[in-house]
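Input: a single structure, listed below in structure tokens.
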Amino acid sequence: MNEIPQFTGNTAVSHGSDRTAPVFDPATGQQTKTVALATAAEVSAAVLKARTAWPEWARMSPLRRARILDRFKSILWERAETLAEVISSEHGKTHDDALGEVTRGIEVVEFATGAPHLLKGEVSENVGTAVDSYSLRQPLGVVAGITPFNFPAMVPMWMFPVALACGNTFVLKPSERVPSASLLLAEWLSEAGLPDGVFNVVQGDKEAVDALLEHPDVKAVSFVGSTPIAKYIHAKGTANGKRVQALGGAKNHMVILPDADLDQAANALMGAAFGSAGERCMAISVAVPVTDAVADALVERLVPMMEKLRVGPATDRSAEMGPVVSEAARKRIVDYIGQGEAAGAKVVLDGRRFIPPQGHENGYFVGPTLLDHVTPDMSVWKDEIFGPVLSVVRRNTYAGAVELVQAHEYANGVAIFTRDGDAARAFSHEIEVGMVGVNVPLPVPVAFHSFGGWKQSLFGDHHMHGMEGVRFYTRMKAITTRWPTGVRSGPEFAMPTLG
Ligand code: NAD
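Take any residue in the sequence shown, note its place counting from 1, add 105, and you have its number in the numbering used here.
Take a look at the structure:
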């Protein structure tokens with residue numbers, strides 16, 4: 106069976122141990138590949154390659170680094186279809202959704218090609234007599250990225266284009282469930298002219314992650330995944346002296362006020378709740394209609410649309426939603442629907458009853474599910490289900506809706522649907538959530554802004570990509586200069602004061 110290897114020093118390297126994991130096609134439930142799981146020694150070898158490549162890469166002018174990324178960007182545009190097909194074959198998402206993911210990833214490469222401008226420092230002339238001061242941003246060294254299954258290309262691309270543009274070298278540890286996209290990215294970077302060892306991929310599990318967190322040459326770690334692992338990465342990485350940004354799980358609400366355009370809100374909810382089978386960290390999993398009348402009207406609109414939603418494998422180009430990623434994920438989602446029902450939620454549409462298309466009986470399919478009359482004491486509200494399950498929590502007032510959102514431990518994204526500018530502004534400014542949409546259901550910031558949640562959705566001080574990414578992957582240096590033509594004086598023992 107096809108084994109997915111590591112990629113270091115610009116070549117795929119064979120695996121020196123019998124640690125492997127199966128890779129499945131979620132649409133059929135069939136194992137299609139195995140993936141090499143790196144040992145600590147293999148991780149060390151990759152870090153050494155990155156460490157060795159770093160000084161020259163860091164010295165290269167930002168413009169030359171940007172030109173390599175620019176060639177990489179052209180390759181990505183040319184081969185987006187190929188990358189999307191690979192993503193769908195291991196993740197299960199539809200072809201259009203995978204293409205959308207690739208496009209959003211390319212946006213970060215586009216941003217990173219602006220590195221020469223982004224890395225410009227600040228200069229102050231004459232801070233003292235004949236004394237000038239300037240500050241600049243320098244790369245950190247070897248940095249690592251650890252990524253989740255749900256965006257096999259986009260999430261790595263939130264990280265490495267910016268890290269590389271800033272002059273760091275990179276070791277990526279993708280999710281072992283979707284390992285192939287990262288290898289294509291590595292090959293294409295190499296084809297674009299990236300020097301050996303600047304970008305490396307170690308496939309693996311906890312052993313590889315721990316080896317990265319413990320390695321003294323890894324200066325910073327970017328993580329995206331579930332909250333328990335994000336907490337662990339942040340605690341262990343910072344304890345080992347590394348800079349860490351660890352993005353975690355989510356439970357995103359959409360508040361629908363009585364004056365909202367309900368057709369627009371229902372359409373938006375369909376895509377935001379069931380796109381990518383709800384396996385997006387920005388998926389809306391809770392609708393909060395304000396007043397029962399709005400809730401009833403919303404449910405009435407959603408049901409026929411959900412009944413018509415085309416669920417199928419990515420090979421069926423008309424499918425609007427694919428399977429979930431694994432059998433374990435399918436079971437977890439089915440179990441949550443049962444818990445919601447047992448706790449008193451009304452199962453308006455039951456995805457457990459979905460019958461997979463012919464030939465895909467063993468695929469990991471769950472149909473779109475609508476739970477109404479969900480209350481905050483239920484696990485379906487408290488926990489991240491990460492599947493195609495939309496809960497409706499009814500509220501009578503705007504204040505009650507805000508209180509519900511604020512009470513949740515996760516604070517990644519939130520949306521409000523309304524025509525009332527005052528309410529939208531108050532909501533946007535007061536809500537304690539990292540990314541807010543006004544009549545926008547998935548407020549995923551574009552690449553030149555930064556992505557990140559609050560509370561239990563992010564551990565660390567920096568969001569990803571945009572200027573926050575540049576700040577994360579660089580450190581400041583301030584240089585103060587005086588030249589011999591300046592004023593001469595004898596030794597001074599008091600704290601220097603300029604001016
Ligand atoms: P996960 O936490 O299981 O895995 C993420 C990464 O951590 C993988 O590379 C995995 O190999 C590694 N890992 C898993 N268990 C580990 C352990 N015990 N020790 C060390 N490393 C470990 O997440 P997932 O299931 O791949 O992805 C889904 C989760 O990611 C959801 O919670 C989702 O909300 C979250 N996510 C968040 C964002 C965001 O921006 N906040 C974006 C995408 C996904």
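Even for Gly, the Cβ is constructed at its ideal location relative to N, Cα and C.
From a predicted model like this one, the values you see are computed outputs, not experimental measurements.
DSSP three-state assignment for residue i, whether helix, strand or coil
i, result
"Q444", "helix"
"K347", "coil"
"V207", "helix"
"P418", "coil"
"H611", "No answer is possible for residue 611: the residues shown for the chain start at 106 and end at 604."
"Q511", "helix"
"Y469", "coil"
"F112", "strand"
"E597", "coil"
"I460", "coil"
"E535", "helix"
"M165", "coil"
"P127", "strand"
"A132", "coil"
"L547", "coil"
"L277", "strand"
"R500", "strand"
"V118", "strand"
"P394", "strand"
"A424", "coil"
Range of the contiguous beta strand (DSSP E) that encloses residue i
i, result
"M581", "T579 to R587"
"D488", "Element bounds for D488: n/a, residue is neither H nor E."
"T388", "Reading off the sequence shown, one finds Ala at residue 388, where the question assumed Thr. Looking at the DSSP string, A388 is not in any beta strand (DSSP E), and its letter there is neither H nor E."
"M540", "M540 to V543"
"V236", "V236 to P244"
"F692", "Summary: the structure shown does not reach residue 692, with the chain confined to residues 106 through 604, and so no result is reported for it."
"D455", "It is not in any beta strand (DSSP E) - D455 carries neither H nor E in the DSSP assignment."
"L495", "V494 to V497"
"D477", "T474 to D477"
"L299", "Neither: L299 is in no beta strand (DSSP E) and is coded neither H nor E."
"V307", "Looking at the DSSP string, V307 is not in any beta strand (DSSP E), and its letter there is neither H nor E."
"F254", "Looking at the DSSP string, F254 is not in any beta strand (DSSP E), and its letter there is neither H nor E."
Contact set for residue i: own chain, Cβ-Cβ below 6 angstroms, skip 5 residues either direction
i, result
"G246", "W159 and K324"
"F216", "A552 and F553"
"D566", "none"
"N107", "K138"
"E425", "L414 and R415"
"N273", "P244, L245, V248 and Y578"
"A583", "S240"
Continuous alpha helix (DSSP H) stretch holding residue i: start and end
i, result
"N372", "L367 to F379"
"K138", "Not the alpha helix (DSSP H): K138 falls in the beta strand (DSSP E), residues Q135 to A141."
"L288", "S285 to E296"
"S229", "Counting along the chain, S229 falls outside any alpha helix (DSSP H), though it belongs to the beta strand (DSSP E) covering E227 to G233."
"L407", "D397 to K413"
"V191", "A185 to H196"
"A552", "That residue, A552, is in no alpha helix (DSSP H); it is neither H nor E in DSSP."
"A612", "Since the first and last residues shown for the chain are 106 and 604, residue 612 lies out of range."
"A220", "A220 to L223"
Residue i, buried or exposed, once every other Cβ within 10 Å from all chains shown has been counted against 16
i, result
"D368", "exposed"
"I389", "buried"
"V228", "exposed"
"H534", "exposed"
"K451", "exposed"
"W182", "exposed"
"R415", "exposed"
"R348", "buried"
"P493", "buried"
"M359", "buried"
"G121", "exposed"
Proximity test, residue i beta-carbon vs the ligand GTP heavy atom, cut-off 7 angstroms
i, result
"I490", "What this structure holds is the ligand NAD, not the ligand GTP."
Close Cβ partners of residue i (< 8 angstroms) along its chain, the five nearest in sequence each way excluded
i, result
"Q135", "F129 and N467"
"G539", "A516, N517, G518, G557, G558, W559, S562, L563 and H568"
"Q444", "M483, S484 and V485"
Contacts around residue i, its chain only, beta-carbon distance under 7 angstroms, and the 5 residues preceding and following it disregarded
i, result
"P261", "G250, T252, L277, P279, S287 and L290"
"F177", "V214, W293, L294 and A297"
"E212", "V551 and A552"
Interface flag, residue i vs chain C, CB-CB below 8 angstroms
i, result
"A163", "In the displayed structure, chain C is absent; only one protein chain is listed."
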